[in-house]
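For reference, the structure discussed in these notes is given below.
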């Protein structure tokens, strides 16, 4: 699957944030110390509000962050009042209300990372609030008010006293685009340096296409989403304009680099020694640009210009319209754009600006909800599972009235994800982090013997936990668990830290296992079936790209339409790989033949996308010289029709297509084998025939 996909177990040192750790430590530990000093128990409720608010902060830009945090504060205060009173009336009222509220909170993930974070923490607070009955309205209002004060204290630190630089993550995602290009370039250099035999070389090039083209598209689309959020929060200022320019330059360089990889794989009329030198220069320039973007420093433009001129010198001996020369020139030009922030005529980042236009607030609020009200929505399915599982779990734990059983429900809700594979991964993270954190808390209990020392220990624990929050989820839980255990010990003096740690670990393990059971038993996603559907979507997108490429050669399609199709191909291939990855982790495994067929199709589609770029550039180079087209227009029309007929047969799910799939014969192509346009058409045809051979295996 996509090798560049970031695992939650991985450590991302670029996300290390001591500022966030110190800010969270001040917001929580200061209140706990005041509680220990003045012996005022309600301050612990205020500290809990501050802690949950810090956890609810998804790190988005200010204009998106503050509404989410204020919404959490207001809803949290209302939840504290409502569910405390409902619990006092009886479980028959409190449990159904809690299930409905948790369904709504879980469905908030339709609003993106900020909505998901707020929804998750509201679910935690619902479980905690419903466990504490409030005998009267004044008492409930006081509790809700103290929680609200804690939320406001954390928000005040976030937005007024200690503002964390919100544009830093967006610089990193743009830098990641150029680091991804550099990694792909380095792998291409290594393949050339090995000088492998044809079968081994083909396998390495296939691996390069699967890993770096898929991973590169993920990185670019992630950056596109993040820069869009930056544009919405900061407006159309110079920083946003630079981000759009550099992102679009990286996207176009990525397309050209994919074409270079296809040409180098073919190996015709390519000097591998010269190509290795070109790739070495390009890689160094990409890394220099990534470093300058990360540090927000100016680029050494004279040095980079000299390096790019060296690249142009290496390709100077090639014919003016040679495909390799045109693609390398495109990459060099885009890198210069990213370094100097001056756009050539054919670079149009304004095509993305439509996404930054503000929508009316009813559409912003209701649009995501209405678009997910259907059975295929993973968000709706997850919210339904969470609400129903919460009702079942609360019905058991609240009747037992055990002091620590609330952690069972909390772990269940925080572990359960829209897909089984994500639930499995999150369960391992939570169990591992909780057990390690419990050991740390047990060790601390040997040295912390008074309420004041326990409260003072909250500050370094909070700093460590929130500093590691975005570095590694497992490490974050390992630091957060002893902090929670000490907070519980502060609210219930005399309880053994070891007992608390053991009970938390026990309920975490049970809650994680219940989350796995719920993911399988309650409205499962049927990932194997979805993977097969994604195969059809990816084939359809690549068929549209091939048709668009041939239409561009015939003058029927414009460049904007072709570029949009290229992006869609990358997205559908990545979606296919993600669906396959999830389906293979489900107990109802798809067969090995199905997996091999799907992976074969995915690899062939990657080749088609790269070869389409080469075909477009080769055709443009030939006709720009004023010579007649290397392939007659009539033949191009025949190939366009042949590709469309093949796509229709491949995508036909009729009963007669299960046993075999026969394609129409290829149109005649009277051109030399090494002619670039004809060679690209033949290579695309071979990949189409490979897909046709794999489809019957997929349908069995």
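In the working numbering, the protein residues as written are 3 to 702.
Where is the CB? At the ideal position from N, CA and C, for every residue including glycine.
Local Cβ density within 10 Å of residue 401, reported as buried at 16 or more and exposed below that: exposed
Whole-angstrom C-beta distance between residue 611 and residue 571, which should lie under 8 angstroms: 5 angstroms
Would you mind sorting residue 476 into buried or exposed? The rule is 16 or more other CB atoms within 10 Å of its CB. buried
Tell me where the alpha helix (DSSP H) around residue 283 begins and ends. 274-297
Could you say which of 298, 622 and 133 lies nearest to residue 328 if we only look at CA atoms? 622
Determine the direct distance from the alpha carbon of residue 484 to that of residue 32, and round the result to whole angstroms. 17 angstroms
Using CA coordinates, which residue listed in 684, 58 and 183 is at the minimum distance from residue 116? 58
Might you give, ordered along the chain, the residues of its own chain that have their beta carbon closer than 6 angstroms to the beta carbon of residue 408, omitting 5 neighbours on each side? 129 and 133
Residue 468 (DSSP reduced to helix, strand or coil): helix
Please report the residue range of the alpha helix (DSSP H) in which residue 703 lies. Examination of residue 703 is not possible in this model, given that the chain is present from 3 through 702 alone.
Between residue 245 and residue 304, what straight-line distance do the alpha-carbon atoms span, to the nearest angstrom? 22 angstroms
Using alpha carbons as the reference points, say which of 608, 560, 569 and 541 lies closest to residue 654. 541
For residue 546, does the count of other Cβ atoms within 10 angstroms reach 16, so buried, or fall short, so exposed? buried
Where does residue 301 fall in DSSP's three states? coil
On the criterion of 16 or more Cβ atoms from any shown chain inside 10 Å, does residue 561 qualify as buried, or is it exposed? exposed
I'd like the list of long-range same chain contacts for residue 553, defined as Cβ closer than 6 angstroms, with 5 residues on each side in sequence excluded. 559
C-alpha gap between residue 522 and residue 430, whole angstroms: 17 angstroms
Where residue 136 sits in the DSSP three-state scheme: coil
With 16 other Cβ atoms within 10 Å as the buried cut-off, status of residue 376: exposed
Within the continuous alpha helix (DSSP H) that includes residue 635, where are the two ends? 635-653
How would you label residue 641, buried or exposed, when you count the other beta carbons within 10 angstroms and need 16 or more for buried? buried
DSSP-derived helix/strand/coil call for residue 664: coil
Taking only three categories from DSSP, how would you classify residue 333? helix
Kindly list the residues whose CB is nearer than 6 angstroms to the CB of residue 51, restricted to its own chain and excluding five residues on each side of it in sequence; keep chain order. 149, 152 and 153
Could you tell me whether the segment 257-267 touches the segment 192-208, where touching means 3 or more Cβ pairs closer than 8 angstroms? yes
With H, G and I counted as helix, E and B as strand and the rest as coil, what does DSSP make of residue 374? coil
In the DSSP assignment, find the unbroken alpha helix (DSSP H) run with residue 379 in it and report its ends. Element bounds for residue 379: n/a, residue is neither H nor E.
Whole-angstrom distance between residue 422 and residue 581, CA atom to CA atom: 11 angstroms
Nearest-angstrom Cβ-Cβ length linking residue 673 and residue 633, presumed shorter than 8 angstroms: 6 angstroms
Exposed or buried, residue 384, counting other C-beta atoms within 10 Å across all chains shown (16 or more means buried)? buried
What residue from 77, 188, 179 and 113 has the CA that sits closest to residue 147's CA? 77
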